[in-house]
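> Handing you this structure, nothing more for now.
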């Protein structure tokens, strides 16, 4: 139990996916100009992340390892991710058209979100158990969502600031992300 | 039908390419991975040796030439510092290296033998006589105490 | 080199620079730019994947059906990514250990998928290769700029550890800048974000000034 | 003098008791820090304002507050290049790049301090010994690594701990608290932020206090009276631009900052986590404001209370 808690905290805070591991930066920079899309993206990514972590774990230990085909993992995982995204889209459309309308645009983007592939590769690389993999994915998703929402709220506030012209947009966003990342550095060595 | 055929064809091209390179590089990759897993051990004993029949038991392993490797964890400033030590057949300490640790970045770097010669001093003088690093007393003391405990355990 | 090939290359490398102008491939850019050797390694691996995928897809473009084109592209990119992982692990293992995760995620670098979809799948192999090389060069330029600044600030050196990539002769390439008070933060994640933001801002400022100058020049001549 | 100016110079005055106590124990070390941070911060601010083509404004006193907090956070007699980097990070990066006073997202002094804390860990850990025969480390560091002693044994054996939170530091923290009380009486700081911070820190220390065993994280008094606790509580997290405006948001902000501080102190790799905790609290502030429906206009308010 304590081990699982540590995995969760590790993925959420210490090795935060966006700010310490540099994964998922495209959506982090791309959809955080205002709050609503950031929230939608967080929700969609969290859902897909958890599903792909389980699916990739099962495929890797059930199929690739017995066949001695670990070197094919990149191709297989990217196919699994594309499949999960497709499945999520169909499922959402059938169950909740409203949610599909809100999240629909963001779903295809998740296929090229390296955080999703990163979680799958890291889970397998560190040889986690299935519960460990699930907890790790949940922590990563929560950390991703938390940071995305904090960041989009900051960017909304920055709109009113008297910024130097050359820094508007992406440059000040990157600098802000850097100072947030400096705060997360305080968790270094925890555990 | 045509869609399926071309998709199959492209998959086949990719699979052939991959299988070919995989066959070419497999041996080199295997060699690199083994060498990496034993890198610290090779470094601390100063020689490379055949690792295929070696098994760790109770955090110890005996090499063919009689040298014994020991792993030991000592509480540092932030979490455990994992050490690897080599003892000669007569129980003499040959050397110590840090395998992994989470000490403060910048401050705890000196226990990586690649970044500082500090760890090399343990093969020359008794551990408690090694000077602590200014500003990182805690980490240095932790390593010194860890090495001392390993030597004491070895003497018993 | 005639004018069109030159402009295909330079447009891909500079005007549409994937990292600076379009903010694509930021994850590997920030993660692997803490030293010039890591930056070079990733630039070469990305270039290999970019060029290989563009050539393959351009050569096969007549046989790739429109409906399944994206899965086909991803399949080809993933193949070349796996190839680069294998080659690095076999022949540059030290470097592989440091950049492993980010070589593997080249596959989800939207820069490559984007160029392949927009250019290589519609053009014959030669222009496709030029465009791929230009994109890769632009990405490499960004990686090396960031890698150079971070290594100089954080380590006080340039080209340190090149022997992990180019063999023992490269050990002598290291340049020591002296100073003796390296700013460790430049090597850590916050430094990557902050320095990238400052460089991007600097680029914007220079471009703004240049645009203003050429405008006033135009106004004067008119 | 403008409203902001009066407030900021009052804050500077309220910092003086703490400054005096620390100087009593450490000699001129803090004076040296201040003699460098103040002109450097002023010069950086003027340079930044000039580059942005905005008026240079020294009377508003906000640069002075940042310089004083920075001087008091750094160890006494710290090398000049550390001070230069810290002042540059604080004023140029956290203040001028964001558009100057009132627009900063993060507390400038803490940005500068955190940058040098991760960049020069050795210089930032080098505190001059307060008593003969003691090593130069703060009470929090000593306590964190007391090598198997229970809390009571550690306090008995090592006079550097003083009575509760570190010889000398107890009085310095109380002096900062006195300054904070003054600011509260003058209604210059949001007391809910301070209360949320201190109450949460105490509660966490109580919850995880295992009666002072050799592995415990230390009791409430140690956490309140050592390190930068009260300096941060009364003068840093109360920076009105970087904490939430609504009342429940202020409690939440204080509690969040205290929780991160305690986590880093008890289990982390840095002796005192306050600077990192403040940055994370600042980063969460716009989100907290959003949740509690605080109007966006607050950041542009001339009067920061």
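Chains as they are written, first to last, in the numbering used here: chain A, 1 to 191; chain B, 192 to 347; chain C, 348 to 569; chain D, 570 to 874. Backbone N, C-alpha and C fix where the C-beta goes; we use that ideal spot for every residue, glycine too. Treat the numbers as computed from the prediction; the structure is a model and nothing was measured.
Taking C-beta to C-beta, are residue 317 of chain C and residue 360 of chain C nearer than 8 Å?
Because chain C in this structure spans residues 348 to 569, residue 317 of chain C falls outside the shown range and cannot be described.
> Do residue 425 of chain C and residue 454 of chain C count as a contact pair if the criterion is CB distance below 8 Å?
The sequence position of residue 454 of chain C within the third chain is 107, counting from 1. The sequence position of residue 425 of chain C within the third chain is 78, counting from 1. Closer than 8 Å, so yes.
> Are the C-beta atoms of residue 118 of chain A and some chain B residue less than 8 Å apart?
The residue given as residue 118 of chain A occupies position 118 in the first chain. With 8 Å as the cut-off, residue 118 of chain A does not count as an interface residue toward chain B.
> Just by C-beta distance, which residues in the segment 667 to 682 of chain D are closer than 7 Å to chain A?
Answer in chain order: 667, 668, 669, 672, 674, 675 and 680.
> In chain order, what are the residue ranges of uninterrupted alpha helix (DSSP H) at least 4 long that sit wholly in the segment 628 to 689 of chain D?
The qualifying runs are 631 to 642, 649 to 657 and 677 to 688.
> Whole angstroms is fine: what's the gap from residue 55 of chain A's alpha carbon to residue 369 of chain C's?
Translated into positions along the first chain, residue 55 of chain A becomes position 55. Translated into positions along the third chain, residue 369 of chain C becomes position 22. Cα to Cα, residue 55 of chain A sits roughly 32 Å from residue 369 of chain C.
> On a CA-only basis, which of C/364, C/406 and C/374 is nearest residue 540 of chain C? Give me that one, please.
Along the third chain, one-based indexing puts residue 540 of chain C at 193. Answer by Cα proximity: C/374.
> Could you please give the first and the last residue of the uninterrupted beta strand (DSSP E) stretch that includes residue 263 of chain B?
Locating residue 263 of chain B in the second chain gives position 72, counting from the first residue. Element bounds for residue 263 of chain B: 259 to 266.
> Assuming residue 251 of chain B is part of the alpha helix (DSSP H), what are its boundary residues?
On the second chain, residue 251 of chain B is found 60 positions in, with the first residue counted as 1. No alpha helix (DSSP H) contains residue 251 of chain B, which is instead part of the beta strand (DSSP E) from 251 to 253.
> Please check the pair residue 498 of chain C and residue 382 of chain C, which I expect to be a contact at CB under 8 Å, by giving their CB distance rounded to whole angstroms.
Here residue 498 of chain C refers to the residue found at position 151 of the third chain. Here residue 382 of chain C refers to the residue found at position 35 of the third chain. With 8 Å as the limit, residue 498 of chain C and residue 382 of chain C qualify as a contact, their Cβ atoms being about 5 Å apart.
> Anything in the segment 401 to 424 of chain C with a Cβ closer than 7 Å to a Cβ of chain F? List those residues in chain order, please.
Looking for chain F here will not work: the only protein chains present are A, B, C and D.
> Consider the Cβ of residue 17 of chain A: report whether some Cβ of chain D lies at a distance smaller than 8 Å.
As a first step, residue 17 of chain A must be located in the first chain, where it is residue number 17. Not one chain D Cβ lies under 8 Å of residue 17 of chain A.
> Would you identify the three-state DSSP class for residue 478 of chain C, choosing helix, strand or coil?
To locate residue 478 of chain C, count along the third chain from 1; it is residue 131. In this structure, residue 478 of chain C counts as helix in the three-state DSSP scheme.
> Examine chain D for any beta-carbon lying closer than 8 Å to the beta-carbon of residue 251 of chain B, and answer yes or no.
For the purposes of this step, residue 251 of chain B is taken as the residue at position 60 of the second chain. No, because no Cβ of chain D sits closer than 8 Å to the Cβ of residue 251 of chain B.
> DSSP three-state label for residue 359 of chain C, please.
Here residue 359 of chain C corresponds to residue number 12 of the third chain, with the count starting at 1. Three-state result, residue 359 of chain C: helix.
> What three-state label does DSSP hand residue 519 of chain C in the structure shown?
Stepping through the third chain from its first residue, residue 519 of chain C is reached at position 172. The answer is helix: DSSP assigns residue 519 of chain C an H, G or I state.
> Could you tell me whether any Cβ in chain C is nearer than 8 Å to the Cβ of residue 29 of chain A?
For the purposes of this step, residue 29 of chain A is taken as the residue at position 29 of the first chain. Closer than 8 Å to some Cβ of chain C, the Cβ of residue 29 of chain A qualifies, so yes.
> At the 8 Å Cβ level, is residue 189 of chain A part of the contact set with chain B, yes or no?
Taking the first residue of the first chain as 1, we reach residue 189 of chain A at position 189. At least one chain B Cβ lies under 8 Å of residue 189 of chain A.
> Could you tell me how far apart the beta carbons of residue 613 of chain D and residue 661 of chain D are, in whole angstroms, since I believe they sit closer than 8 Å?
Position 44 of the fourth chain, counting from 1, holds the residue named residue 613 of chain D. Position 92 of the fourth chain, counting from 1, holds the residue named residue 661 of chain D. Between residue 661 of chain D and residue 613 of chain D the Cβ distance is about 5 Å, and since that is below 8 Å, they are a contact.
> Is the CB-CB distance between residue 658 of chain D and residue 680 of chain D below 8 Å?
Along the fourth chain, one-based indexing puts residue 658 of chain D at 89. Along the fourth chain, one-based indexing puts residue 680 of chain D at 111. A contact, by the Cβ cut-off of 8 Å.
> Pick helix, strand or coil for residue 874 of chain D, following the three-state DSSP scheme.
Here residue 874 of chain D corresponds to residue number 305 of the fourth chain, with the count starting at 1. With a pLDDT of only 39 at residue 874 of chain D, under 50, the local geometry of the prediction cannot be trusted, and the value read off the model is given with reservation. DSSP places residue 874 of chain D in coil when its eight states are reduced to three.
> State the start and end residues of the unbroken alpha helix (DSSP H) segment that holds residue 623 of chain D.
Residue 623 of chain D sits at position 54 when you count from the first residue of the fourth chain. From DSSP, residue 623 of chain D is part of no alpha helix (DSSP H); its letter is neither H nor E.
> Can you pull the chain C residues whose beta carbon is under 7 Å from the beta carbon of residue 684 of chain D, in chain order?
In the fourth chain, the residue the question calls residue 684 of chain D occupies position 115. Chain C residues near residue 684 of chain D: 532.
> Can the beta-carbon of residue 815 of chain D be found closer than 8 Å to that of residue 829 of chain D?
For this step, residue 815 of chain D is matched to residue 246 along the fourth chain. For this step, residue 829 of chain D is matched to residue 260 along the fourth chain. For residue 815 of chain D and residue 829 of chain D, no; Cβs fall outside 8 Å.
> Considering only the alpha carbon of each residue, which of C/550, C/538, C/477 and C/427 lies closest to residue 165 of chain A?
Looking up residue 165 of chain A in the first chain gives position 165. Ranking the options by Cα distance to residue 165 of chain A, first place goes to C/550.
> Are the beta-carbon atoms of residue 667 of chain D and residue 673 of chain D separated by less than 8 Å?
Taking the first residue of the fourth chain as 1, we reach residue 667 of chain D at position 98. Taking the first residue of the fourth chain as 1, we reach residue 673 of chain D at position 104. Result yes, Cβ atoms of residue 667 of chain D and residue 673 of chain D sit closer than 8 Å.
> So, under 8 Å CB-CB, residue 690 of chain D and residue 295 of chain B are touching, yes? Tell me the CB distance rounded to an integer number of Å.
Taking the first residue of the fourth chain as position 1, residue 690 of chain D is located at position 121. Taking the first residue of the second chain as position 1, residue 295 of chain B is located at position 104. 5 Å between Cβ atoms; contact.
> Taking a cut of 7 Å between CB atoms, which residues from the segment 244 to 278 of chain B lie near chain A?
Listed by position, the residues of the segment 244 to 278 of chain B near chain A (Cβ gap below 7 Å) are 269 and 270.
> State the Cα-Cα distance for the pair residue 578 of chain D and residue 599 of chain D, rounded to the nearest angstrom.
Here the question's residue 578 of chain D lines up with position 9 in the fourth chain. Here the question's residue 599 of chain D lines up with position 30 in the fourth chain. For residue 578 of chain D and residue 599 of chain D, the distance between alpha carbons rounds to 19 Å.
> Assign residue 290 of chain C to one of three DSSP states: helix, strand, or coil.
Since the first residue shown for chain C is 348 and the last is 569, residue 290 of chain C is missing from the structure and cannot be characterised.
> Residue 352 of chain C: which of C/478, C/528 and C/564 sits nearest, CA to CA?
Your numbering for residue 352 of chain C matches position 5 in the third chain. Closest by alpha carbon: C/478.
> By how many angstroms is the C-alpha of residue 151 of chain A removed from the C-alpha of residue 327 of chain B?
Indexing the second chain from 1 puts residue 327 of chain B at position 136. Indexing the first chain from 1 puts residue 151 of chain A at position 151. Cα to Cα, the separation comes out at about 35 Å.
> Is the shortest distance between the beta-carbon of residue 875 of chain D and the beta-carbons of chain B less than 8 Å?
Shown here, chain D extends from 570 to 874; a query on residue 875 of chain D therefore has no answer.
> Just to confirm, are residue 467 of chain C and residue 401 of chain C a CB contact at a threshold of 8 Å?
Along the third chain, read from residue 1 onward, the residue named residue 467 of chain C stands at position 120. Along the third chain, read from residue 1 onward, the residue named residue 401 of chain C stands at position 54. Contact flag set, yes.
> List the residues of chain C whose Cβ lies closer than 8 Å to the Cβ of residue 104 of chain A, in chain order.
On the first chain, residue 104 of chain A is found 104 positions in, with the first residue counted as 1. Near residue 104 of chain A there are no residues of chain C at all, since even the closest Cβ is about 17 Å away, more than 8 Å.
> Could you pull the start and end residues of the beta strand (DSSP E) that residue 287 of chain B belongs to?
Translated into positions along the second chain, residue 287 of chain B becomes position 96. Segment 284 to 291, the beta strand (DSSP E) holding residue 287 of chain B.
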